[in-house]
Every structure is written in C-alpha cells, then in structure tokens.
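Trainee: Take a look at the following structure, please.
In UniProt numbering, the protein residues as written are 1 to 255.
Right, here's the structure in full:
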C-alpha cells in the first residue's frame, strides 16, 4: 500500500467549536484505540465526553491528550494544508470526563442522564469503544454474562437513552453530516458459525475455547445492533468497524 492510500486523519476538516459545535461521546476513551480517537476528535474541534469507570485514569488520560494536542498543533499549523490548499488553523474542542461502568446498568443510565443534563439534547457522534475480550465466565450484578453486557447490552441501553438527542432537526440542511453511531467490532464474529443458546451450560466453562466463543458472540450482536439501528433510524449513520490488530489493550494482554 502506498502512502497516498493510507488514511490520514489530519486531512479531515478542522471545526471551530464556537461556530460549528459538534458533540461526541466515546466509552473507553482513556486508552488504546479510544485514546487516539479522542485525541483526533479533540484536535478537530469536537466537544468530547470521555466515558470511563475509573476517574483517576480517565482524567489523567484527558490531561495527556491535551498535552499531546499542543505538540501536534505546532506541527499541524506549520505544515498541514486542507482540501483547498490553505494552511490549517486548529481550534481544539473540549474534553469532559463522564463516569460510566458498563457492567452496571444503573451506572449507564446515570451517565446518560448526566450527559443529557449537560448537553441539552445534542449528540453528533456516539462511539461504543469500551469492551472486554475473552474473559472467564462471570455474571454481572445485573445477572448478565459479563462480555455480553459490556459489549452489547450496556451500549444498547446507552444508545436507547441518547437516541433522541441524535435525531437531526427537520430544519437541518440535507448536505450536513449525519449523526453517527459506531460499534467497535472484531473479526471474531466470524467464528460464530452455529447457533449457541446463551443458557447452554458449555457457555459457562472457563476454558480458552469458550471464552472466545462468548467474545465472538458479543461482537456479532454488536454488528446486528448497528444493522438494526440503521434500519430503524435511517437518518443516523450506524456502523460496526473492525479496528484490526493494533498495539493496544486488550491485544497487549494476549501478546
């Protein structure tokens, strides 16, 4: 692949949050793929709510992102041009910590209420990035298998609570960018080639094989959720994306 074919987020439009306010919510934005997604959204002028269950780690990540952004801005403003050939002017957005624990449905509900109270009904981008991978069998306090709740049920609940704030007004121009919902998926969904009932006793075994089956199931459900949302809310762009093998947790856990 040539360098011309590689996607470069620096070439995306840079927004002025005072003129074109765009709001994003990302779960697990304090590390890995979520960290760099948050960084680029912040650099491009988004108001970003970073959802995380550990306040100390998330707020520390937010400060690191701000510091990294300052370093990148110096380089961007001196060397980067937009699609019209003009030098890029970068006005960063905002970063806010949003407490949320995906293994606790009440926490998810509380997070949605806090977000809505702060943003008054505007959400342009919802990224379900946080997740767990191939863990031993365990049940959450809500009595769901932990991978299914973390990767599917909690994202669905969060989407349900926030979906009305993502519906574009009838006055919005047809050329404006549609609101988006993104599920972080995985090629592990392809491992699910047969029907497996959630109540199957084999699902509860701790061995390496079945923990991956449970993970693949949860990622397959995420894809179905995205497809279902795209049909129910055609005005919202709903997608499931495979981030590939990158140097981040949870891949580092296995490598």
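Idealized CB from N, CA, C, for every residue including glycine.
Tell me which residues share the same chain as residue 257 and place their Cβ nearer than 6 Å to its Cβ, disregarding the 5 neighbours each side in the sequence.
Mentor: Lying outside 1 to 255, the shown extent of the chain, residue 257 is not represented and no answer is given.
Trainee: Please state if the CB of residue 238 and the CB of residue 181 are separated by a distance shorter than 8 Å.
Mentor: In the chain shown, counting from the first residue as 1, residue 181 sits at position 181. In the chain shown, counting from the first residue as 1, residue 238 sits at position 238. Yes, these two residues count as a Cβ contact at 8 Å.
Trainee: For residue 35, count neighbouring Cβ atoms within 10 angstroms of its own Cβ and tell me buried if that reaches 16, exposed if not.
Mentor: The residue you call residue 35 lines up with position 35 of the chain shown. So residue 35 ends up on the buried side.
Trainee: Taking residue 144 as part of the alpha helix (DSSP H), name the residues at either end of that continuous run.
Mentor: Mapped onto the chain shown, residue 144 falls at position 144. First-last for residue 144: undefined, no H or E at that position.
Trainee: What does DSSP give as the partner residues of residue 180 in its beta bridges?
Mentor: Looking up residue 180 in the chain shown gives position 180. Beta-bridge pairing links residue 180 to 125, 237.
Trainee: Is the distance from the Cβ of residue 149 to the Cβ of residue 142 below 8 Å?
Mentor: In the chain shown, the residue the question calls residue 149 occupies position 149. In the chain shown, the residue the question calls residue 142 occupies position 142. Taking 8 Å as the Cβ cut-off, residue 149 and residue 142 qualify as a contacting pair.
Trainee: Does residue 25 come out as helix, strand or coil in the three-state DSSP assignment?
Mentor: On the chain shown, position 25 is the one that residue 25 refers to. Residue 25: strand per DSSP, three-state reduction.
Trainee: Does residue 124 pass the burial test, meaning 16 or more other C-beta atoms within 10 Å, or should it be called exposed?
Mentor: Here residue 124 is taken as the residue at index 124 of the chain shown, counted from 1. Under this definition residue 124 is a buried residue.
Trainee: For residue 67, which residues in the same chain have their Cβ closer than 7 Å to its Cβ, ignoring the five residues on either side in sequence?
Mentor: Indexing the chain shown from 1 puts residue 67 at position 67. Within the same chain, residue 67 has no close Cβ partners at all.
Trainee: Here's a check: name, in chain order, each residue in its chain whose Cβ is nearer than 8 Å to the Cβ of residue 223, leaving out the five neighbours to either side.
Mentor: Position 223 of the chain shown, counted from the first residue, corresponds to residue 223. Counting only Cβ-Cβ distances below 8 Å, and skipping sequence neighbours, we find 183, 185, 189, 240.
Trainee: What is the DSSP secondary structure of residue 254, reduced to helix, strand or coil?
Mentor: In the chain shown, the residue the question calls residue 254 occupies position 254. Below a pLDDT of 50, predicted positions are generally treated as unreliable, and residue 254, at 37, falls in that range; the measurement from the model is reported next regardless. Helix at residue 254.
Trainee: Hey, could you find the ends of the beta strand (DSSP E) residue 48 is sitting in?
Mentor: Within the chain shown, residue 48 is the residue found at index 48, counting from 1. Segment 47-52, the beta strand (DSSP E) holding residue 48.
Trainee: To the nearest angstrom, how far is the alpha carbon of residue 131 from that of residue 108?
Mentor: Residue numbering aside, residue 131 sits at position 131 when the chain shown is read from its first letter. Residue numbering aside, residue 108 sits at position 108 when the chain shown is read from its first letter. For residue 131 and residue 108, the distance between alpha carbons rounds to 14 Å.
Trainee: Distance, Cα to Cα, residue 76 vs residue 116?
Mentor: Walking along the chain shown from the start, residue 76 turns up at place 76. Walking along the chain shown from the start, residue 116 turns up at place 116. Those two C-alpha atoms are separated by around 33 Å.
Trainee: Rounded to the nearest angstrom, how far is the Cβ of residue 52 from that of residue 29, given a contact under 8 Å?
Mentor: Within the chain shown, numbered from 1, the residue matching residue 52 stands at position 52. Within the chain shown, numbered from 1, the residue matching residue 29 stands at position 29. With 8 Å as the limit, residue 52 and residue 29 qualify as a contact, their Cβ atoms being about 7 Å apart.
Trainee: Which value, in whole angstroms, describes the spacing of the CA atoms of residue 90 and residue 73?
Mentor: Walking along the chain shown from the start, residue 90 turns up at place 90. Walking along the chain shown from the start, residue 73 turns up at place 73. Looking at the two C-alpha atoms, the distance is approximately 7 Å.
Trainee: Among 25, 48, 31, 220, which residue has its Cα nearest to the Cα of residue 17?
Mentor: For the purposes of this step, residue 17 is taken as residue 17 along the chain shown, with counting starting at 1. Considering only alpha carbons, the answer is 48.
Trainee: Return the Cβ separation of residue 69 and residue 42 in integer angstroms, given the expectation that the two are a contact with Cβ distance under 8 Å.
Mentor: Numbered from 1 along the chain shown, position 69 holds the residue referred to as residue 69. Numbered from 1 along the chain shown, position 42 holds the residue referred to as residue 42. Contact holds; Cβ gap of about 6 Å.
Trainee: Can you tell me whether residue 207 is buried or exposed, with buried defined as 16 or more other CB within 10 angstroms of its CB?
Mentor: Taking the chain shown and counting its residues from 1, the one referred to as residue 207 is at position 207. Flag for residue 207 reads exposed.
Trainee: Hey, residue 129 and residue 26 are a contact pair by Cβ (cut 8 Å); roughly how many whole angstroms apart?
Mentor: Locating residue 129 in the chain shown gives position 129, counting from the first residue. Locating residue 26 in the chain shown gives position 26, counting from the first residue. With 8 Å as the limit, residue 129 and residue 26 qualify as a contact, their Cβ atoms being about 5 Å apart.
Trainee: Could you pull out every residue in the same chain whose Cβ sits closer than 7 Å to the Cβ of residue 59, ignoring the five residues on either side in sequence?
Mentor: Your numbering for residue 59 matches position 59 in the chain shown. Excluding positions up to five away in sequence, the list reads 97.
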